[in-house]
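Residue numbers (this note's numbering), protein chains in the order written: chain Y, 98 to 229; chain Z, 98 to 229. Built from N, CA and C at the ideal position, the CB exists for glycine as well. Fair warning: this is a prediction, and the values are worked out from it, not measured in the lab. All remarks here apply to the structure that follows.
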DNA sequence: CTCCTATTGTTGGATGTCAAACAATAATTA
DNA sequence: TAATTATTGTTTGACATCCAACAATAGGAG
């Protein structure tokens with residue numbers, strides 16, 4: 098019995114399930130191909146900080162649809178690699194202002210060039226009907 | 098500073114990120130609206146067993162793009178609710194054959210009627226460009 | 001038949017995520 | 001101004017998921 102023999106019924110047309118499968122495939126393709134061992138989420142974080150220097154953690158989390166608390170260990174890791182840093186925000190003693198370090202910008206630049214190609218591969222892999 | 102003010106750069110066009118956001122919204126809408134407190138994955142499991150009576154755990158996991166090991170606790174829960182059962186498979190002493198119980202079919206039927214409406218709501222919420 | 005390989009379900013460890021609670025600080029209201 | 005409410009970053013606990021390993025069983029090669 099191969100996977101192709103399974104009756105998916107109306108399930109294949111349910112939007113939630115479709116999206117779920119598509120996202121899993123996209124994530125998998127990304128992590129497999131990325132030799133710079135950076136989770137896809139970390140790459141997104143670096144990109145957003147680069148585009149929005151001084152952004153705080155809550156806004157960053159919101160823009161990625163992640164919880165604030167989820168952001169904390171991610172930023173801890175990126176900061177321990179010295180790819181970005183938390184600076185105290187002038188005018189709000191609760192918040193941090195996030196900035197990429199020079200090393201962070203360098204890493205982001207190198208990884209970024211590969212992502213364009215990868216997206217094309219993922220799009221191809223999903224097939225035309227799913228991508229559309 | 099609202100979320101709308103964040104510069105997403107080319108990120109919005111990256112397929113992986115788009116899918117991720119779409120799926121999160123879909124899942125959230127599903128779980129919020131579902132008064133029968135069943136995670137969306139559990140609903141999918143019941144549907145697939147219903148459509149493929151006697152399917153084994155590995156095939157089920159494969160068809161949902163989940164690991165075999167992930168399936169175990171899900172089935173444990175569904176079985177403890179007496180919504181489906183593991184029967185010994187004749188001819189293969191390693192595998193289980195999965196079947197819905199009468200209660201399981203009843204629950205699935207009730208939940209199923211609501212899902213159609215929900216999918217439409219999710220599609221609406223995402224907006225036409227994202228859905229397409 | 002006998003060995004070797006593949007498959008099935010399971011466990012345990014690692015990671016990613018969320019939700020709830022918290023203290024510190026900011027913003028709003030009375 | 002004083003009191004209340006909201007926000008920020010963090011910790012903790014609960015899940016979901018993956019991967020690697022395992023024992024039991026099945027299938028194939030010799």
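Original post:
So what does DSSP say about residue 185 of chain Y, is it helix, strand or coil?
Top reply: As a first step, residue 185 of chain Y is located in the first chain; it is residue number 88 there, counting from the start. Here residue 185 of chain Y sits in strand by DSSP.
**OP:** Identify the continuous beta strand (DSSP E) that holds residue 197 of chain Z and give its terminal residues.
**Re:** Here the question's residue 197 of chain Z lines up with position 100 in the second chain. Residues 193 to 197.
Subject >> Contact set for residue 200 of chain Y: own chain, Cβ-Cβ below 7 Å, skip 5 residues either direction >> reply: Walking along the first chain from the start, residue 200 of chain Y turns up at place 103. If you ignore the 5 residues before and after residue 200 of chain Y, its C-beta comes within less than 7 Å of the C-beta of 179 and 180, all in its own chain and listed in chain order.
Subject >> For residue 167 of chain Y and residue 158 of chain Y, believed in contact at Cβ under 8 Å, the rounded distance >> reply: Walking along the first chain from the start, residue 158 of chain Y turns up at place 61. Walking along the first chain from the start, residue 167 of chain Y turns up at place 70. Contact holds; Cβ gap of about 7 Å.
**OP:** Please list, in chain order, all residues of the same chain as residue 194 of chain Y whose beta carbon is under 7 Å from its beta carbon, the five residues on each side excluded.
**Re:** Position 97 of the first chain, counted from the first residue, corresponds to residue 194 of chain Y. Same-chain partners within the cutoff: 151, 153, 184 and 186.
Original post:
Given that a residue counts as buried once 16 or more other Cβ atoms are within 10 Å of its Cβ, and exposed if not, what is residue 137 of chain Z?
Top reply: Here residue 137 of chain Z is taken as the residue at index 40 of the second chain, counted from 1. Classification of residue 137 of chain Z: buried, given that the 10 Å Cβ count is 16 or more.
Subject >> Bounding residues of the alpha helix (DSSP H) (the contiguous stretch that carries residue 158 of chain Y) >> reply: Working through the first chain from its first residue, we reach residue 158 of chain Y at position 61. Boundaries of the alpha helix (DSSP H) harbouring residue 158 of chain Y: 154 to 160, taken from the DSSP string.
**OP:** Count the other CB atoms, across all protein chains shown, that sit within 10 Å of the CB of residue 169 of chain Y; report buried if there are 16 or more and exposed otherwise.
**Re:** The sequence position of residue 169 of chain Y within the first chain is 72, counting from 1. The residue is exposed, with fewer than 16 neighbouring Cβ atoms inside 10 Å.
Subject >> residue 170 of chain Y - containing alpha helix (DSSP H), residue span >> reply: On the first chain, position 73 is the one that residue 170 of chain Y refers to. The continuous alpha helix (DSSP H) containing residue 170 of chain Y extends over residues 165 to 177.
Original post:
Buried or exposed: where does residue 160 of chain Y fall if 16 or more other Cβ atoms within 10 Å of its Cβ makes it buried?
Top reply: Here residue 160 of chain Y corresponds to residue number 63 of the first chain, with the count starting at 1. The Cβ neighbour count for residue 160 of chain Y, taken over all protein chains shown within 10 Å, is at least 16; the residue is labelled buried.
**OP:** Measure the Cβ-Cβ separation of residue 139 of chain Y and residue 163 of chain Y and say whether it is below 8 Å.
**Re:** In the first chain, the residue the question calls residue 139 of chain Y occupies position 42. In the first chain, the residue the question calls residue 163 of chain Y occupies position 66. Remark: C-beta atoms of residue 139 of chain Y and residue 163 of chain Y do not approach each other more closely than 8 Å.
Original post:
What is the rounded straight-line gap between the Cα of residue 141 of chain Z and the Cα of residue 205 of chain Y?
Top reply: Here the question's residue 141 of chain Z lines up with position 44 in the second chain. Here the question's residue 205 of chain Y lines up with position 108 in the first chain. So the two alpha carbons sit approximately 38 Å from each other.
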